[in-house]
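Protein chains in written order, with this note's numbering: chain V, 1 to 371; chain Z, 1001 to 1251. Idealized CB from N, CA, C, for every residue including glycine.
Right, here's the structure in full:
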């Protein structure tokens, strides 16, 4: 409920309006030299009580009849509210007249009903105008509230949709990489039990971390890099030292927030489409830097360069990277950049740039000291 | 030989442990418990020095068993290595002085390191027993081990395994043999926790374990460097040089 609809502010505002009209009348009376008859106090009292009464009436209308006011069609307005407006105008006048028996001034004393008729003659039109202004105001408030509610619902819906999309995109990542790793383990089980065992442990550690994060979308870079280091260690096992791995992160960026699992598809891509095609001297470099208020992550891998299908996003190569691109779009709108380019000697560089933001409070970490 | 009891409600889990422990010299499996009650009875009857304990067991959980065993009814209480698929009890396990915390599935390598640690603790305990003092050397003022989570694993790291520590903004990197762990911690706080007899601050952003220092070398540019036994080199600030010289002359 808007704050101006609180009874005190509502009736107060009406009374203030009455006060302004009283001042206006006082000024005009003075300029016509008619003020000798009446005092400012009298004028004030008459106008303020008048508007106070209307304030109370309008607030009661809002209190008891807001649904009807907001929903009333033409028929209801003519059949119900028109008679109501006249009745309330008369009622208000009767109350007002009984409060001020001395009015009108300067005329011979009149009987009560005579006085009511006298004042109604002058005020009925004004009263009707006040009623219908109030009516329109309350109807406007209704429309405004409805509009706000709809707007809120739309925003809610949009957020929910974006979250659902993000969730779906993250879900896409896990099985993909899970099955590939399972396949490697299955293959190692035939030849090297210890290596299969080790890889299974690594996979479990990765899963444990992923499950622990749950639905959290943005995580500190330190967590993402921990995940990447584990993933790289696992890849190293699969590629048995054929690929040199270099990671370089500016330490003041460890607390920067990045979308969870942003880098893994990029690195997986570097392996499947570049490094796996080399039989020796592979190189992968992950580099995280700050450029003013932008966080730039670049992944360079040696390989056979870019082939045409990579750029138009077709084929399997597109899935992982398209996912990364979509998630950056959902998180940052147009405030991000995603480039994939070929360097010399068949090297490929993927660059991600995103707005630099930090978490408001550091995540709780399990650390204990003891004997 | 170290008499050892295995406690796990799953046959395959016990089988794996039994098989891997067969290759560990000094470990002698004297019994296997499937439930909490069975385990407690077994420990009473066989007085093992080491207990591999699953946290989720029928009847009571691993901690209840540990409390029961450490309540003084059984002297001496066995040392415990927890084996579990859950990582959320690590801090509790650390607090009740468990030797290690193995997350299932674990590798032979990981199990071996836990066994090695148990062996050290047990032999140290025996020495202290013969020397007649059970109080630790530094009177519990300093940390002798740290628990943290790194790369999806729980690490109970004895500080003696630390080679050196470097500051990286709000984090510290703890380097051990062949591994390094990034912890959200400050140098000052960590330095406070570590025994100054063992660890020395050689630079604003590095602390070194003196046990792993081979020498202090003057570089060609007049700077000083601390060289570790494994060949790693740390630069040293002038301000800290006198401290290490003092230590070098003492040892």
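Cutoff 8 Å; reference residue i; Cβ partners in own chain excluding five residues on either side
i: residue 222/V; result: 254 and 255
i: residue 95/V; result: 53
i: residue 1163/Z; result: 1175, 1176, 1177, 1208, 1209, 1212, 1228, 1230 and 1232
i: residue 336/V; result: 328, 329, 352, 353, 354 and 355
i: residue 1245/Z; result: 1216
i: residue 162/V; result: 330
Short Cβ contact (8 Å threshold) for residue i with residue j
i: residue 1234/Z; j: residue 1216/Z; result: no
i: residue 1050/Z; j: residue 1002/Z; result: yes
i: residue 343/V; j: residue 303/V; result: no
i: residue 1171/Z; j: residue 220/V; result: no
i: residue 349/V; j: residue 298/V; result: yes
i: residue 1087/Z; j: residue 1146/Z; result: no
i: residue 1062/Z; j: residue 1037/Z; result: no
i: residue 1108/Z; j: residue 1020/Z; result: yes
i: residue 285/V; j: residue 246/V; result: yes
i: residue 128/V; j: residue 89/V; result: yes
i: residue 1068/Z; j: residue 1040/Z; result: yes
i: residue 1083/Z; j: residue 1048/Z; result: no
i: residue 43/V; j: residue 26/V; result: yes
i: residue 1191/Z; j: residue 1184/Z; result: no
i: residue 1167/Z; j: residue 1113/Z; result: no
i: residue 224/V; j: residue 262/V; result: yes
i: residue 218/V; j: residue 258/V; result: yes
Residue from the options whose Cα sits closest to the Cα of residue i
i: residue 267/V; options: 210/V, 236/V, 88/V and 148/V; result: 236/V
i: residue 195/V; options: 217/V, 234/V, 32/V and 50/V; result: 234/V
i: residue 1008/Z; options: 1241/Z, 1085/Z, 1183/Z and 1213/Z; result: 1085/Z
i: residue 238/V; options: 322/V, 276/V and 370/V; result: 276/V
i: residue 1098/Z; options: 1156/Z, 1239/Z, 1075/Z and 1014/Z; result: 1156/Z
i: residue 1158/Z; options: 1225/Z, 1087/Z, 1041/Z and 1118/Z; result: 1118/Z
i: residue 306/V; options: 328/V, 331/V and 345/V; result: 345/V
i: residue 84/V; options: 68/V, 269/V and 264/V; result: 68/V
i: residue 1149/Z; options: 371/V, 366/V and 322/V; result: 366/V
i: residue 1017/Z; options: 1237/Z, 1074/Z, 1220/Z and 1106/Z; result: 1106/Z
i: residue 324/V; options: 40/V, 17/V and 166/V; result: 166/V
i: residue 13/V; options: 144/V, 332/V, 50/V and 86/V; result: 50/V
i: residue 20/V; options: 259/V, 46/V and 227/V; result: 46/V
i: residue 1121/Z; options: 1110/Z, 1035/Z, 1104/Z and 1078/Z; result: 1078/Z
i: residue 272/V; options: 289/V, 296/V, 287/V and 301/V; result: 301/V
i: residue 211/V; options: 101/V, 18/V, 249/V and 260/V; result: 260/V
i: residue 208/V; options: 257/V, 231/V, 218/V and 147/V; result: 231/V
i: residue 265/V; options: 75/V, 320/V and 333/V; result: 320/V
i: residue 203/V; options: 228/V, 218/V and 258/V; result: 228/V
i: residue 334/V; options: 326/V, 180/V and 153/V; result: 326/V
Cutoff 6 Å; reference residue i; Cβ partners in own chain excluding five residues on either side
i: residue 200/V; result: 185
i: residue 134/V; result: 58
i: residue 130/V; result: 54
i: residue 1161/Z; result: 1176
i: residue 313/V; result: The predicted position of residue 313/V is uncertain, since its pLDDT is 47 and thus under 50; a value taken from the coordinates is nonetheless stated next. So the qualifying residues of the chain are 322.
Bridge partner(s) assigned by DSSP for residue i
i: residue 1173/Z; result: 1166/Z and 1182/Z
i: residue 1236/Z; result: 1224/Z
i: residue 348/V; result: 301/V and 342/V
i: residue 1027/Z; result: 1002/Z
i: residue 1199/Z; result: 1209/Z
i: residue 245/V; result: 284/V
i: residue 71/V; result: BP columns for residue 71/V are empty, so no partner.
i: residue 1216/Z; result: 1226/Z
Same chain, Cβ closer than 7 Å to residue i, neighbours up to 5 away in sequence not counted
i: residue 93/V; result: 116, 119, 120, 123 and 127
i: residue 1143/Z; result: 1159, 1193 and 1194
i: residue 1137/Z; result: In this predicted model, residue 1137/Z has a pLDDT of only 49, less than 50, meaning its place in the structure is not dependable; the value taken from the coordinates is given anyway. Once the five neighbours on either side are set aside, residue 1137/Z has no close Cβ partner at all.
i: residue 1080/Z; result: 1051, 1053, 1066, 1098 and 1099
i: residue 1044/Z; result: 1074
i: residue 290/V; result: 250, 253 and 356
Problem set entry | Contact residues within the stretch 1144-1177 of chain Z, judged by C-beta distance below 7 Å to chain V | 1144, 1145, 1146, 1147, 1148, 1149, 1151, 1152, 1153, 1168, 1169, 1170 and 1171
For this session: Please list the residues of the stretch 1065-1084 of chain Z that have a C-beta atom closer than 9 Å to any C-beta atom in chain V, keeping them in chain order.
Result: none
Exercise. Of all the residues that make up the stretch 1100-1121 of chain Z, which are near chain V by a beta-carbon distance shorter than 9 Å?
Worked result: 1103, 1104, 1105, 1106, 1107, 1108, 1109 and 1110
Exercise. Using a beta-carbon distance cut-off of less than 9 Å, what residues from the stretch 222-256 of chain V approach chain Z?
Worked result: 222, 225, 226, 227, 229, 230, 233, 249, 250, 251, 252, 253, 254 and 255
For this session: For the stretch 1005-1018 of chain Z, enumerate the residues whose C-beta is nearer than 8 Å to any C-beta of chain V, in chain order.
Result: none
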